[in-house]
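Following: one structure in structure tokens, then a few remarks.
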Amino acid sequence: MAALREVQVTVPPAVRRGDTATFHCYYEMDGESLYSVKWYKGRREFYRYTPKESPPMKTFPVPGVQVKRSASNESQLTLLGLSLQSSGRYSCEVSADAPSFHTMIVTGDLEVCEVPKHVPSIHGMRSRYRVGDIIRGNCTSHNSRPPANLTWFINEQQVNPSYIRTHRPYRERKNEFETSLAGIHFVAGSHHFLNGKLKIRCMAKIHDIYLQSTERSIDEDRPRVISAASSANSNGNGANANAIPYDHFPPYAENELDRKDYMTHLQGRNVK
């Protein structure tokens, strides 16, 4: 028995504002003749292809929808100059000819995106930290729709979720775009510094159409160790390098103070 079957639709899930998008509507007639293919945005029809009519193609005005007629037919539909208003649910309705007039409809969702004009920014961090210090900072991605998803990396490894401080995106007053903000907060460990450096990166992503990142390099601030020799040289007088300040005498037991050679013992230490 002849029948319309296997109707499938492909709609790109996301495109950039101003771009072109091509939809496909696949079907098998199995011995039946095609009567029409119709496309809807929401519940409003904007495209019809009826092979037995002349001309076979008709379009109807719908806000946010501009059909490229030269790139559209019974199985393909191309839209031009997509705007944020073009986002929504699109449906392909396929109808067989008489006598069955069997009809099937399938849908797909399109999101038109405004991507950020600039890469994400990292702020609030110093250039040097010691092991044990708390490293905190924020990553911001401005003016997009939808808001970008932000991900932190340390030395190219995605960070532990416990390091992340999440914030709700906020809408800009001057337009309808949104700004994403994600914080990071963790204690610097020795394992974070590779050859004295820690690399921290923030990645902003919107679907598969936008991917940008910013990286900061942080130096390990190691405590300085001063040797006895350098300390002596810094005094500028090698002869007095071992002199002991009057308030830094070595501790002695009380009975040692009664020894006759006590002062001789101190004088041997160059105490003046």
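Taking this note's numbering, the leading residue of the sequence shown gets -11, the next gets one more, and so forth. Virtual Cβ for every residue (Gly too), placed ideally from N, Cα, C.
Going by other Cβ atoms of all chains shown within 10 Å of its Cβ, with 16 needed for buried, is E160 buried or exposed? So E160 ends up on the exposed side.
Does the beta-carbon of F11 have 16 or more other beta-carbons within 10 angstroms, so that it is buried, or is it exposed? Counting Cβ neighbours within 10 Å, F11 comes out buried, since at least 16 surround it.
Consult DSSP for Q64 and reduce its assignment to one of helix, strand or coil. In this structure, Q64 counts as strand in the three-state DSSP scheme.
Counterpart residues of M191 in DSSP-defined beta bridges: In the DSSP output, where bridge partners are listed per residue, M191 has T139, S201.
Would you report the Cα separation of D7 and N183, rounded to the nearest angstrom? Each residue's Cα considered, the two are about 45 Å apart.
Can you say whether L138 is buried or exposed, counting buried as having 16 or more other CB atoms within 10 angstroms of its CB? Buried, because 16 or more other Cβ atoms sit within 10 Å of the Cβ of L138.
When you compare the CB positions of P149 and I194, do they come within less than 8 Å of one another, or not? Taking 8 Å as the Cβ cut-off, P149 and I194 do not qualify as a contacting pair.
Counting along the chain, where does the beta strand (DSSP E) carrying D209 start and finish? Taken as a continuous stretch (DSSP letters only), D209 belongs to no beta strand (DSSP E), as it is neither H nor E.
D85 versus E62 - alpha carbon distance: The straight-line gap from Cα to Cα measures roughly 14 Å.
Go ahead and label G19 buried or exposed: buried means 16 or more other beta carbons lie within 10 angstroms of its beta carbon, across all protein chains shown. By the neighbour-count rule (16 or more Cβ atoms within 10 Å), G19 is not buried but exposed.
Look at the alpha carbon of I152 and the alpha carbon of F34, and state the distance between them as a whole number of angstroms. Across the structure, I152 and F34 are spaced so that their CA atoms are roughly 46 Å apart.
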